[in-house]
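>
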Amino acid sequence: MTMSARTSTPCNLGGIMDRFFVVTNEIKDPNLEMTGQITAFLREHGREVIPVHSWEERIGGLSPLDPDRDCLLVLGGDGTVLDAAARLREIQIPILGINMGTLGYLAEIERRNWREALEKVLQGDYDISTRMMLEGHKVFADGREDPRKEYALNDIVVSRSGSLRVLNITLLVNGQMITRVSADGVIAATPTGSTAYNLSAGGPIIEPSSHMIVVTPICSHSMNARSIVLSSKDRITLRVEQAQHSSDIEAEANFDGARKMLLCQGDRIEIRRASRETRLIRISRQSFLHTLHKKMYQVEGL
Numbered sequence: 004m005t006m007s008a009r010t011s012t013p014c015n016l017g018g019i020m021d022r023f024f025v026v027t028n029e030i031k032d033p034n035l036e037m038t039g040q041i042t043a044f045l046r047e048h049g050r051e052v053i054p055v056h057s058w059e060e061r062i063g064g065l066s067p068l069d070p071d072r073d074c075l076l077v078l079g080g081d082g083t084v085l086d087a088a089a090r091l092r093e094i095q096i097p098i099l100g101i102n103m104g105t106l107g108y109l110a111e112i113e114r115r116n117w118r119e120a121l122e123k124v125l126q127g128d129y130d131i132s133t134r135m136m137l138e139g140h141k142v143f144a145d146g147r148e149d150p151r152k153e154y155a156l157n158d159i160v161v162s163r164s165g166s167l168r169v170l171n172i173t174l175l176v177n178g179q180m181i182t183r184v185s186a187d188g189v190i191a192a193t194p195t196g197s198t199a200y201n202l203s204a205g206g207p208i209i210e211p212s213s214h215m216i217v218v219t220p221i222c223s224h225s226m227n228a229r230s231i232v233l234s235s236k237d238r239i240t241l242r243v244e245q246a247q248h249s250s251d252i253e254a255e256a257n258f259d260g261a262r263k264m265l266l267c268q269g270d271r272i273e274i275r276r277a278s279r280e281t282r283l284i285r286i287s288r289q290s291f292l293h294t295l296h297k298k299m300y301q302v303e304g305l
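Okay, so the sequence shown: first residue is 4 according to the working numbering, each after it adds one.
(1) What separation, rounded to the nearest whole angstrom, lies between the Cα atoms of residue 269 and residue 245?
(2) Measuring straight from C-alpha to C-alpha, what distance separates residue 88 and residue 153?
(3) Which of the three DSSP states, helix, strand or coil, is assigned to residue 171?
(4) Nearest-angstrom Cα distance between residue 297 and residue 143?
(5) Could you check if residue 20 is buried or exposed, using at least 16 other CB atoms within 10 Å of its CB as the buried criterion?
(6) Between 235, 221 and 39, which has its C-alpha nearest residue 185's C-alpha?
(7) Helix, strand or coil: which one does DSSP assign to residue 273?
(8) With 16 other CB atoms within 10 Å as the buried threshold, where does residue 151 fall?
(9) Starting from residue 46, trace the alpha helix (DSSP H) both ways and give me its first and last residue.
(10) How would you write the range of the alpha helix (DSSP H) that residue 195 sits in, first residue to last?
(11) Can the beta-carbon of residue 137 be found closer than 8 Å to that of residue 109?
(12) Quick one: is residue 226 buried, meaning 16 or more other Cβ sit within 10 Å of its Cβ, or exposed?
(13) Measure the alpha-carbon distance for residue 255 versus residue 164 and round it to whole angstroms.
(14) Between the Cα of residue 229 and the Cα atoms of 75, 180 and 207, which residue gives the shortest distance?
(15) Excluding the five sequence neighbours on either side, which residues of its own chain have a C-beta within less than 7 Å of the C-beta of residue 54, listed in chain order?
(16) Which residues mark the beginning and the end of the beta strand (DSSP E) in which residue 119 is found?
(17) Which ranges does the beta strand (DSSP E) cover as unbroken runs of at least 3 residues, wholly within the segment 85-109, from first to last along the chain?
(18) First and last residue of the beta strand (DSSP E) that includes residue 20?
(19) What ranges does the beta strand (DSSP E) occupy inside the segment 216-242, keeping only unbroken runs of at least 3 residues that lie completely in it?
(20) For residue 125 and residue 79, what's the separation of their Cα atoms in angstroms?
(21) Whose CA, out of 210, 203, 100 and 192, lies closest to the CA of residue 160?
(22) Mind checking residue 33: buried by the 16 CB within 10 Å criterion, or exposed?
(23) Give the single residue among 81, 94 and 56 whose Cα lies nearest to the Cα of residue 74.
(24) So, at 8 Å on beta carbons, what are the nonlocal neighbours of residue 72 in its own chain, with the 5 sequence-adjacent residues on each side left out?
(25) Would you mind giving the Cβ-Cβ distance between residue 266 and residue 132, rounded to the nearest angstrom? I have them listed as a contact below 8 Å.
(26) Could you check the C-alpha separation between residue 99 and residue 76 for me, to the nearest Å?
(27) Write down the C-beta distance between residue 259 and residue 91 rounded to the nearest angstrom, noting that I regard them as a contact closer than 8 Å.
(28) When DSSP labels each residue in this structure, what does residue 294 get in the three-state scheme?
(29) Please report how far the alpha carbon of residue 69 lies from the alpha carbon of residue 281, in whole angstroms.
(30) Look at the alpha carbon of residue 290 and the alpha carbon of residue 38, and state the distance between them as a whole number of angstroms.
(31) Do you know whose CA, among 135, 183, 204 and 121, lies nearest residue 46's CA?
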């Protein structure tokens, strides 16, 4: 087995993958042309390939899954990888993303390089990077808890829904009130998500292997509102308060921009580090900082 070195993120060395579950964002690959090429390539190399059309039917029904020999191959963009991470949090098989979109932090393999990347995976020349996730659930104003829990690899965002009115949101950490902000919303992001919405909102970039949670206001009305970087052991509460000049609160909590919970006045979202992590297959020998520079300045052409 070829061993590859990393300088930015502690990883586990990879093994030989025998079975590939392939999920395709058909908006990115409408004729499934690339999906067909990749499927044929893997089968030519003696690997089992299982197209994923229904998560529950095609993956959840298969047992046992071997996290050392099974791989989820995602053809799409970062959004498709985020969806896979949330759905597969209990299964823990590693994910390899092939970028069919524009900027890909999580789907690190560019479509023109897929063959070279898969050859390395088949040889065991890759690492697995583990990334922390967030878990969130809603508590109603009267204290009742919503039994549904949602998960996010990037972020949980409490923001306006429908109305353009500013939200008043109270931030509590471990039950202690920290601040109350008037803003368009508040982001709670993982280190992985720090380069997503958090970065656009002026939040800090955090090295992805760090165990931290960053809380960043969105378009705050206060000049003193700043991001707060917390330990991953902290319990975070975002509570929707009474809006000025209105009792009609329209807010929602979004999980990786894909799943949401509606919030009313007094409702709150309780956030903590999830017990499960996401395992990402990494091929590139470039450091996180090198990749960051490449992605951040790709649009500008620098």
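Backbone N, C-alpha and C define an ideal beta-carbon position, used for all residues, glycine too.
On the basis of the data shown:
(1) 8 Å
(2) 12 Å
(3) strand
(4) 43 Å
(5) buried
(6) 221
(7) strand
(8) exposed
(9) 36-47
(10) It is not in any alpha helix (DSSP H) - residue 195 carries neither H nor E in the DSSP assignment.
(11) no
(12) exposed
(13) 6 Å
(14) 207
(15) 25
(16) That residue, residue 119, is in no beta strand (DSSP E); its alpha helix (DSSP H) goes 117-126.
(17) 98-102
(18) Element bounds for residue 20: n/a, residue is neither H nor E.
(19) 231-234
(20) 21 Å
(21) 192
(22) exposed
(23) 94
(24) 18, 19, 20, 21 and 22
(25) Not really, about 33 Å apart at Cβ, beyond 8 Å.
(26) 5 Å
(27) 13 Å between Cβ atoms; not a contact.
(28) helix
(29) 15 Å
(30) 29 Å
(31) 121
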